[in-house]
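Engineer: This is the structure, below, for whatever I ask next.
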Amino acid sequence: MTGQAQEYDFFPAHVVRTRRLGPTMLRVTFGGGALRSFASGGRDQSFSLFLPHPGQDEPDLPYAQGEGWFAAWRAIPADRRAVMRSYTVRAQRAEPPELDVDFALHGTATDDHPPADSPAGPAAAWAAAARPGARVVLLGPAVADNRSVAFRPPADTGFVLLLADETALPAAGGILEWLPAGTRALVWIEVPDAADIQDLPAPAGVDLTWLVRAPGTPSGLLPALRAAELPAGAPYAWIAGESGTVKELRRHLVRERGVDRRAVAFSGYWRRGASEDRLREEAYARPS
Ligand SMILES: Cc1cc2nc3c(=O)[nH]c(=O)nc-3n(C[C@H](O)[C@H](O)[C@H](O)COP(=O)(O)OP(=O)(O)OC[C@H]3O[C@@H](n4cnc5c(N)ncnc54)[C@H](O)[C@@H]3O)c2cc1C
1036 MTGQAQEYDF FPAHVVRTRR LGPTMLRVTF GGGALRSFAS GGRDQSFSLF LPHPGQDEPD
1096 LPYAQGEGWF AAWRAIPADR RAVMRSYTVR AQRAEPPELD VDFALHGTAT DDHPPADSPA
1156 GPAAAWAAAA RPGARVVLLG PAVADNRSVA FRPPADTGFV LLLADETALP AAGGILEWLP
1216 AGTRALVWIE VPDAADIQDL PAPAGVDLTW LVRAPGTPSG LLPALRAAEL PAGAPYAWIA
1276 GESGTVKELR RHLVRERGVD RRAVAFSGYW RRGASEDRLR EEAYARPS
């Protein structure tokens, strides 16, 4: 949190309970008094989650240092410093203060789903083993209107396009809950298993299509979008999921459909073959 003390803050929290939503998706509910001042802006509100390594009781994160926390955290050896990962607020409740976060359990074999092609990262593995009482820290919003909410359709939007894989399913759910009634929206959500399909609230006017990606096969999001007939009016698109797929979807909208690039909010939530640590190091290495 460098220079944005008013917008973001650290929130120590603990696991209250977990609930399996499907073969590859787990809801972890976090609680703790500090969450009273966590101010989710809804929609695709994201935050940084700090997790302990196996064998640690709590994440090793020097957040009491305020502005200097990041340099201090990076100075701790990688196998000890808290694991830092990006997640989305699926739901927030006031009393008792609770946050629901839905984890895609990539790479973790479950009884009713085969192991994925890549090994689980530390966050997916942590979630799969999480028990009530486990301690974490969140770096999240202290004000509801914050830069970690990306879904911001302009007032003259004629229709909304949402394209998401399982990691962006929680964000898509938050956006669908927020959409004003009567908004025309075409939504595609891709999950690894038909049993991961959720009963999402979709206001009238929302056309929601679920896609199931068989293990080891490419995403079906681009073929689905290509085949779609878009309504008349000014589109606003929100795309999130695996980086390569997100790029292709954006390219299709901007180059082949002529959508104004400013009307496409897009975010690579993960990249095949690269951990979030590696993506962060690449971002720091880029000249600013
Ligand atoms: C703004 C934002 C919001 C996000 N919200 C959510 C959310 O609510 N729920 C959620 O589940 N994820 C969410 N993600 C994605 C999540 O942060 C990444 O999937 C993250 O890499 C998981 O960390 P990890 O420690 O499990 O794996 P990492 O250590 O980061 O990666 C290890 C390996 O696993 C691969 N990998 C990572 N994720 C996946 C995946 N889903 N499927 C297959 N392989 C994968 C990587 O390519 C790498 O090879 C969000 C990301 C962003 C940027």
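1036 is the number of the first residue of the sequence shown in the numbering used here; add one for each residue after it. Backbone N, C-alpha and C define an ideal beta-carbon position, used for all residues, glycine too.
Starting from residue 1180, trace the alpha helix (DSSP H) both ways and give me its first and last residue.
Structural biologist: Along the sequence shown, one-based indexing puts residue 1180 at 145. That residue, residue 1180, is in no alpha helix (DSSP H); it is neither H nor E in DSSP.
Engineer: Please report the distance separating the alpha-carbon of residue 1176 from that of residue 1048.
Structural biologist: Counting from one through the sequence shown, the residue named residue 1176 turns up at place 141. Counting from one through the sequence shown, the residue named residue 1048 turns up at place 13. Each residue's Cα considered, the two are about 14 Å apart.
Engineer: Any contact of the region 1190–1205 with the region 1224–1236, i.e. 3+ C-beta pairs under 8 Å?
Structural biologist: yes
Engineer: Return helix, strand or coil for residue 1155, following the three-state DSSP convention.
Structural biologist: Translated into the one-based positions of the sequence shown, residue 1155 becomes position 120. Reduced to three states, the DSSP call for residue 1155 is coil.
Engineer: For residue 1044, count neighbouring C-beta atoms within 10 Å of its own C-beta (all shown protein chains included) and say buried if the count is 16 or more, exposed if not.
Structural biologist: Residue numbering aside, residue 1044 sits at position 9 when the sequence shown is read from its first letter. Buried.
Engineer: Hey, would you say the C-beta of residue 1077 is under 6 Å away from at least one heavy atom of ligand 1?
Structural biologist: Here the question's residue 1077 lines up with position 42 in the sequence shown. No, the Cβ of residue 1077 stays beyond 6 Å of every heavy atom of ligand 1.
Engineer: If you count every other CB in all the chains shown that lies within 10 Å of the CB of residue 1041, and 16 or more means buried, which is it?
Structural biologist: Reading the sequence shown from its first residue, position 6 is the one you call residue 1041. Counting Cβ neighbours within 10 Å, residue 1041 comes out exposed, since fewer than 16 surround it.
Engineer: At what residues does the beta strand (DSSP E) containing residue 1285 begin and finish?
Structural biologist: Within the sequence shown, numbered from 1, the residue matching residue 1285 stands at position 250. Not the beta strand (DSSP E): residue 1285 falls in the alpha helix (DSSP H), residues 1278–1286.
Engineer: What do you reckon, are the CB atoms on residue 1299 and residue 1269 nearer than 7 Å?
Structural biologist: Numbered from its first residue, the sequence shown carries residue 1299 at position 264. Numbered from its first residue, the sequence shown carries residue 1269 at position 234. Not closer than 7 Å, so no.
Engineer: In chain order, which continuous runs of the alpha helix (DSSP H) of length 4 or greater are located wholly inside the region 1098–1132?
Structural biologist: You should have 1104–1110.
Engineer: Can at least three beta-carbon pairs, one atom from the region 1076–1093 and one from the region 1113–1131, be found at a separation below 8 Å?
Structural biologist: yes
Engineer: Would you list the residues sitting across from residue 1092 in a DSSP beta bridge?
Structural biologist: Here residue 1092 refers to the residue found at position 57 when the sequence shown is read from its first residue. DSSP, once it has assigned bridges, lists no residue as partnering residue 1092.
Engineer: When you measure from the CB of residue 1138 to every non-hydrogen atom of ligand 1, does any distance come out below 6 Å?
Structural biologist: By one-based count along the sequence shown, residue 1138 stands at place 103. Because some heavy atom of ligand 1 lies under 6 Å away, the Cβ of residue 1138 counts as near it: yes.
Engineer: Does the beta-carbon of residue 1188 have 16 or more other beta-carbons within 10 angstroms, so that it is buried, or is it exposed?
Structural biologist: Within the sequence shown, residue 1188 is the residue found at index 153, counting from 1. So residue 1188 ends up on the buried side.
Engineer: Report yes if the C-beta of residue 1163 is less than 6 Å from at least one heavy atom of ligand 1; otherwise report no.
Structural biologist: Start at 1 with the first residue of the sequence shown, and residue 1163 comes out as number 128. No; taking the cut-off as 6 Å, the Cβ of residue 1163 has no heavy atom of ligand 1 nearer than that.
Engineer: Could you check how far apart the C-beta atoms of residue 1209 and residue 1077 are, in whole angstroms? I think they sit under 8 Å.
Structural biologist: Here residue 1209 is taken as the residue at index 174 of the sequence shown, counted from 1. Here residue 1077 is taken as the residue at index 42 of the sequence shown, counted from 1. Contact flag correct, Cβ pair sits at about 6 Å.
Engineer: Report the option in 1053, 1069, 1071 and 1072 whose CA atom is closest to the CA atom of residue 1063.
Structural biologist: As a position in the sequence shown, residue 1063 is number 28, starting the count at 1. That would be 1053, whose Cα lies nearest to the Cα of residue 1063.
Engineer: Assuming residue 1314 and residue 1284 form a contact by the criterion Cβ under 8 Å, report the distance between their Cβ atoms to the nearest whole angstrom.
Structural biologist: Here residue 1314 corresponds to residue number 279 of the sequence shown, with the count starting at 1. Here residue 1284 corresponds to residue number 249 of the sequence shown, with the count starting at 1. In fact, because the Cβ distance is near 19 Å, the residues do not count as touching under 8 Å.
Engineer: The beta strand (DSSP E) spanning residue 1047 covers which residue range?
Structural biologist: In the sequence shown, residue 1047 corresponds to position 12, counting from 1. It spans 1043–1057 - the beta strand (DSSP E) in which residue 1047 sits, taken as one unbroken run.
Engineer: So, are the CB atoms of residue 1326 and residue 1237 less than 7 Å apart?
Structural biologist: As displayed, the chain neither begins before 1036 nor continues past 1323, which places residue 1326 out of reach and without an answer.
Engineer: Answer with buried or exposed for residue 1319, where buried requires no fewer than 16 other C-beta atoms within 10 angstroms of its C-beta.
Structural biologist: For this step, residue 1319 is matched to residue 284 along the sequence shown. The residue in question, residue 1319, is exposed, as its Cβ has fewer than 16 Cβ neighbours within 10 Å.
Engineer: Residue 1074 CB to nearest chain B CB: under 7 Å?
Structural biologist: Absent from the structure: chain B. Only one protein chain is present.
Engineer: CB residue 1125 to CB residue 1114, shorter than 7 Å?
Structural biologist: As a first step, residue 1125 must be located in the sequence shown, where it is residue number 90. As a first step, residue 1114 must be located in the sequence shown, where it is residue number 79. Cβ distance not < 7 Å, so residue 1125 and residue 1114 don't count as in contact.
Engineer: Who are the near neighbours of residue 1293 in its chain, counting only those whose CB is closer than 7 Å to its CB and skipping five residues on each side?
Structural biologist: For the purposes of this step, residue 1293 is identified with residue 258 of the sequence shown, where counting begins at 1. Exclusion of the five residues before and after residue 1293 leaves no residue of its chain whose Cβ lies closer than 7 Å to its Cβ.
Engineer: Could you round the C-beta distance between residue 1133 and residue 1066 to whole angstroms and report it? I think they count as a contact, below 8 Å.
Structural biologist: Mapped onto the sequence shown, residue 1133 falls at position 98. Mapped onto the sequence shown, residue 1066 falls at position 31. Their Cβ separation, rounded to whole angstroms, is 5 Å, which keeps residue 1133 and residue 1066 in contact under 8 Å.
Engineer: If you measure between the beta carbons of residue 1218 and residue 1254, is that distance less than 7 Å?
Structural biologist: Numbered from 1 along the sequence shown, position 183 holds the residue referred to as residue 1218. Numbered from 1 along the sequence shown, position 219 holds the residue referred to as residue 1254. Using a Cβ distance threshold of 7 Å, residue 1218 and residue 1254 do not count as a contacting pair.
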